[in-house]
Amino acid sequence: MGSGKKTWTAVLLATAVLAVTAACGGEGADGEIKLRFSYWGSAARQKMTKEAIKKFEAKNPNIHIEEEFSDFGDYYEMLATKVAGDEAPDVITIEIRGLREYADRGTLADLSSEVDTADIDSKVLATGAIDGKQFAIPTGVNAWSLVMDPKAIKDAGQNLPDDTMWTWEQYIALAAKITARSGGKVYGTQQAFNPAFLQIFAAQRGESLYDGNKVGISRETLKAWWAVHRKLIRTKGSPDAAKSAELASLSEDRSLFATGNGAMGMWWSNQLGSINKASGGREVDLLRMPKVPDATTGGMFLQPAMFFTASAKSERQAEAAKFIDFMINDPEAGGIILSDRGLPSNSKVLAAVRDKLPETDKKTLAFLDKIKGELTDSPAAPPKHASAIEAILTRYTNEVLLSRMAPDDAAQKLITEANALIAG
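Read left to right, the sequence shown gives residues -22 to -1, 1 to 402 (mature numbering (1 follows the signal peptide of the UniProt record, and there is no 0)).
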């Protein structure tokens, strides 16, 4: 998943203002078909992608892929501008939070019979479908998880948690002990405000983040979620509210793990490798999320790291689908990309590249294999405008943690504001 926080509201308004009538792709004088492919990421991702593209072009010498690459922070603004200006790329990379936004405006093509999806888990595949149409093909999967540094926990004289049964109170108590035993040099945990965290917490209380075109969580659940954050701060299990807010806005390479000052935190499972690298190669492990007492589900779920989609107005939809099919289903592409876009969604590709994965990714795969029987269904694409919910959630969370707003008042205002946004 991307970790940038570019304002979605302004970005997506651009797509609403202008009609989408893009005619993409093209054919050169020599009969060469040109496909434009947009994606975001790091220099390492761009290098891998270029290599995979070369493989595709070698197998399809009449097709040339033109990359439209940017970092995550600029990606959606760039994409919205192109779509609004009738210049949508032929193949578009997108996250689940923006999927319905673009699909409902007619931007995306139905790939139902165009891409082979036989080896993709049906529940994961369903996350890219809206109203019976398969607008998006998941590249790979990950899960929002608890990350720990075993050595930091042991150095603080603490036992590693039994994640099959631990509660939020036990998590808070462990974090506080780690901070205290280290003399404040290592915090027990780093706070996270991601909607995926709230989604898991809500599921443990029998609620969902969304219920159709409205928020599905209650004020009581929001208040209980904030209580976890507040108690971590009060017991010094995490940094104070201001520092926690700052850390939550930073990527994992600037986290407490990266500086050697944190023992636990929450991230997407496909970030384990970059967390390991940022920490200087220290051992890191994934754990199940703590639970509400007597919860009937742990609430964890698989979510596509991202999707490949095709423009509905592309003049080269067949070739666009062929490229997507290659990126998703070809073991050669999988052997190049590995887990960069999540652990491969195609089970046969995953089996083919399993031994090539870096050690941290093997650890992630083993963890997901271990918990797969406990996972809830992958969530459907959220309502239109839900992409702005993360910013709203972060804003009200900061107001509560900085004691500028009472939790009950903040919960009511958050739900009202979010409902107004996604109903509009």
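C-beta atoms are modelled at their ideal positions from N, C-alpha and C, and glycine is treated no differently.
The structure presented is a predicted model; accordingly, all values stated were derived computationally and were not measured.
Buried versus exposed, by CB contacts within 10 Å (16 or more), residue i
i    : result
E352 : exposed
K269 : buried
M284 : buried
A384 : exposed
T287 : buried
I393 : buried
E230 : buried
M267 : buried
Q390 : exposed
L137 : In the sequence as presented, Leu is not what sits at residue 137; that position holds Asn. By the 10 Å Cβ count, N137 comes out exposed.
S216 : buried
D263 : buried
A311 : buried
S222 : buried
A21  : exposed
A114 : buried
Residue i versus the options, residue with shortest Cα-Cα distance
i    : options                   : result
L265 : T145, I370, I98 and I195  : T145
T71  : G118, W18, A256 and T59   : W18
M242 : Y53, L187 and G166        : G166
P180 : Y374, R75 and M278        : Per the sequence shown, residue 180 should be read as Ala rather than Pro. If we check each option's Cα against that of A180, M278 comes out closest.
A62  : W203, K32, H207 and S289  : S289
I108 : Y80, V206 and A22         : Y80
R75  : D387, P357 and L380       : P357
R78  : A96, S186, N191 and P139  : N191
N38  : L13, I195, S20 and Y54    : L13
G9   : H42, D133, R332 and L228  : H42
A134 : D140, K163 and D97        : K163
D68  : T375, K348 and Q295       : Q295
S257 : A366, G161, A130 and Q136 : A130
N239 : A311, L280, A153 and T275 : A153
D317 : P282, S292 and K348       : In the sequence on display, residue 317 carries Ser and not Asp. Selected option, being the one with the closest Cα: P282.
L86  : A104, V102, A66 and V93   : A66
G84  : E73, G184, I367 and K111  : K111
T199 : Y188, D189 and L176       : L176
Enclosing alpha helix (DSSP H) for residue i [first to last residue]
i           : result
Q169        : Careful: Q169 lies outside any alpha helix (DSSP H) and carries neither H nor E.
M383        : Where M383 is concerned, there is no enclosing alpha helix (DSSP H), given that its DSSP letter is neither H nor E.
I314        : P309 to I315
L57         : F50 to A62
P360        : Element bounds for P360: n/a, residue is neither H nor E.
F34         : A21 to K37
G76         : I74 to A81
W146        : W146 to R159
G162        : It is not in any alpha helix (DSSP H) - G162 carries neither H nor E in the DSSP assignment.
P173        : P173 to Q182
F345        : E337 to I349
residue 406 : Missing from the structure shown is residue 406; the chain here goes from -22 to 402 and no further.
R319        : Unbroken run through R319: none, as it is neither H nor E.
E224        : A219 to A226
G251        : L250 to A256
T142        : Careful: T142 lies outside any alpha helix (DSSP H) and carries neither H nor E.
D133        : P128 to D133
E198        : R197 to R212
S325        : S325 to V331
Residue i - containing beta strand (DSSP E), residue span
i    : result
F15  : I11 to W18
L265 : D263 to L265
N120 : I115 to N120
A290 : Premise fails: A290 is in no beta strand (DSSP E) and is neither H nor E.
G190 : Segment: none, G190 is in no beta strand (DSSP E) and carries neither H nor E.
G243 : M242 to W246
Residues bridged to residue i [DSSP beta-bridge criterion]
i    : result
H42  : K12
L103 : DSSP, once it has assigned bridges, lists no residue as partnering L103.
I70  : S16 and T287
I108 : K111
N376 : In DSSP, N376 forms no bridge with anything.
P282 : V119
I98  : N324
Can we say the region 115 to 130 touches the region 247 to 255, given the rule of at least three CB pairs closer than 8 Å? Contact between the region 115 to 130 and the region 247 to 255 is present, because at least three Cβ pairs lie under 8 Å.
Next on the checklist: Can you confirm whether the region 152 to 160 touches the region 298 to 317 when touching is taken to mean that 3 or more C-beta pairs between the two stretches lie within less than 8 Å?
Outcome noted: Inter-segment contact for the region 298 to 317 and the region 152 to 160 is absent: fewer than three beta-carbon pairs are separated by less than 8 Å.
Using 8 Å as the Cβ pair cut-off and three pairs as the minimum, do the region 41 to 55 and the region 334 to 341 touch?
-> Taking 8 Å as the limit for Cβ pairs, the verdict is that the region 334 to 341 does not touch the region 41 to 55.
Q | Touch test, the region 111 to 119 against the region 305 to 325, Cβ-Cβ under 8 Å, three pairs minimum | A | The region 111 to 119 vs the region 305 to 325: in contact.
Using 8 Å as the cut-off, can you tell me whether the region 88 to 99 makes contact with the region 302 to 309, which would need three or more C-beta pairs spanning the two stretches below that distance?
Because the criterion of three Cβ pairs below 8 Å is met, the region 88 to 99 and the region 302 to 309 touch.
Any 3 or more C-beta pairs closer than 8 Å across the region 357 to 375 and the region 170 to 189:
Taking a cut-off of 8 Å on C-beta distances, the region 357 to 375 touches the region 170 to 189, as three or more cross pairs fall below it.
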